[in-house]
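Here the structure is laid out as structure tokens; the discussion comes afterwards.
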Amino acid sequence: MLILCVLAAGEASKAKPLLAQSMQTLLETAKTPLPENWDQTLDLPQVCAVHTLQALVRGSGLGAAVLQFAPAVAILSLTLLSSPCWAMRNAALQLYSSLCSRMLGQRPSSEDSGPTQHGMSPLAFFFHYPALQPFLLGELRGAAQDLQGPSNEAKLHLQPSLYPVLTLLAQLQPGVQDSTETLSDFLPPLLELSASPIYSIRVMASKALVAMTPPSEYMNILIKLSAHLPSPRECCCHNRLHGQLLQIKAVLERALCTVR
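Residue numbers (the UniProt record's numbering): 1 to 260.
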């Protein structure tokens, strides 16, 4: 709280040198490798740095000034989810949640009324935060690659950053003017994630697929998904079939909502 108050009372210029220096120091501290035999009963400086970053992201005193550091903070928090230290993973998850709320705004209180038509489009999101596009795409591709096994069944591989990445993408809203070329690279790994052995990943991948698919491509995606459905006598992976049906359902619901 003290750091937040000092930074909020700092120089009012657009550059905000005190904020920039503080963010850089906190990011470097959080990235510092943990000691080999750390004492989990003590507060590590790396964990304290992550909690301080969360306070700066959540604090209203800094306004939108802190968003210029959003890509670096997002990449840091997603990377730290693989830390062997529970306190670090917990702090990173809290930081990531606060950052997503700051970047995208608060989500509607109820999701029972169907897909919302309001929110930031993928094109607008990556325009504001261009450094996140290659990183998020790399995380999806890595997760999709890890699923590929020697048989028809996908391998179980836990990637701590995957679900948070899918959750972020799923909160975006398809834009009418979104470029197909800009988002096309995201579609193959999202389609591959339909075969994940983890139920929640299949569900969230279907939501992310809808968000990253321009409305003009709904028909092509539906045709592609339908063409890959197994025939009645064909041996199939039940997880993949379930994931494909989830994606078909999600795209159809969004397409019908768009027509209305």
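The beta-carbon is built from N, C-alpha and C at its ideal position, and this holds for glycine as well.
For the set S82, Q46, A144 and L4, the Cα lying nearest the Cα of G61 is the one of L4.
Separation of the CB atoms of A91 and H51 is rounded to 5 Å, and the pair is thereby assigned contact status at 8 Å. In this structure, L99 lies away from S82, with their beta-carbon atoms at least 9 Å apart. If only uninterrupted beta strand (DSSP E) runs of at least 3 residues are considered, none is enclosed by the stretch 140 to 209. DSSP, reduced to helix, strand and coil, places H238 within a helical segment of the structure shown. Here A131 carries a coil assignment [DSSP, helix/strand/coil]. With a cutoff of 9 Å on beta-carbon distance, S121 and Q173 are scored as near each other. Boundaries for M120: no alpha helix (DSSP H) harbours it, and the DSSP string shows neither H nor E there. Annotated three-state conformation of P71 is helix, per DSSP. Taking all protein chains shown into account, A227 has fewer than 16 neighbouring C-beta atoms within 10 Å of its C-beta and is therefore exposed. At the C-beta level, Q46 and M88 come within 9 Å of one another.
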